[in-house]
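In the UniProt record's numbering, the protein residues as written are 1 to 253. Note sheet for the following structure.
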Amino acid sequence: MMPRVVAAETLDGLAEDDPAAMRSRRDLQRVHRVMGTRGIMLRALRDFRALAVSRSAETPLRILELGAGDGSLMLGVARALQGKWPAVEITLLDRQNLVSRPTIAGYARLGWRATPQVMDVFDWASSRESERSGHVAYWDVIVANLFLHHFEGPQLAALLAAIESRTESVFACEPRRARLALAGSHLIGALGANAVTREDAVLSVHAGFRDSEISALWPGNRPGWTLDEYPASLFSHCFCAQRSDLEAAAAPS
């Protein structure tokens, strides 16, 4: 079995306006298409649909994406969900300022209010109060895509503990640590990916997950959650957590 090895990825160390970084972010959009990430996200969010159908325009569904990058992936999800969900407020958290005005406008056209939040995820995890209300910020759903694999076990456990205390439902789509995924990562140049993306793709598979590795780091002393962890398509590994009382409320009577 391949051991999990976390190493710094090149893209994370580049400036926002570095041409290689800008090219690599465009590469990632193609990578998501090949991996089928949007479809994987949509299938998972259908399980959270009870959260959405019970909402009104006055109380929109609140979603937080960690490591959101330029916000384009969830914009694609929003397009696919158009007309199926009520009003949505989405916070796009990333340590770099990458979300453009056209992207925010794209969300708005779909009835989603998008708010970029430029912040390191561990500053977010350690911040207990929101600046506006003085209360702990809380979201109905927290999602992450190709993000959790950046962190070693202790860091990831601390992040999962912060996530658990601030949401009702969690979904993460990460690289699968497997021989087939590793072989695919070495062929990513066939998509026209640049050197940064080619190198980072291999590193991300080595840092990816398998079996129940994320679940094992979930806060074990906090009951009331249902966890699921599973492979998706050829290259992805997914983690899903939902408060058990929400599942009971969503079950048919």
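The beta-carbon is built from N, C-alpha and C at its ideal position, and this holds for glycine as well.
When the beta-carbon positions are compared, A172 and C238 come within less than 8 Å of each other. When secondary structure is reduced to three states using DSSP, E168 falls in the strand class. Contact annotation: V121 and I63 have beta-carbon atoms that are not nearer than 8 Å. In the DSSP secondary-structure assignment, S236 is bridged to P175, A232. If you ignore the 5 residues before and after S169, its C-beta comes within less than 6 Å of the C-beta of F48, V141, Q242, all in its own chain and listed in chain order.
It is roughly 33 Å from the alpha-carbon of W85 to the alpha-carbon of V205. Nearest C-alpha to G83 among C240, L110, G153: L110. Nearest C-alpha to R179 among G13, I163, G208: G208.
No Cβ-Cβ contact shorter than 8 Å links L146 with G184. When secondary structure is reduced to three states using DSSP, W85 falls in the coil class, being assigned neither helix nor strand. If the five residues before and after V6 are omitted, its C-beta is found closer than 6 Å to the C-beta atoms of E152, A207, all from its own chain and listed in chain order. Comparing alpha-carbon positions, the option among I90, W139, G76 lying closest to S165 turns out to be W139. In the three-state scheme derived from DSSP, where H, G and I count as helix and E and B as strand, L75 is classed as helix.
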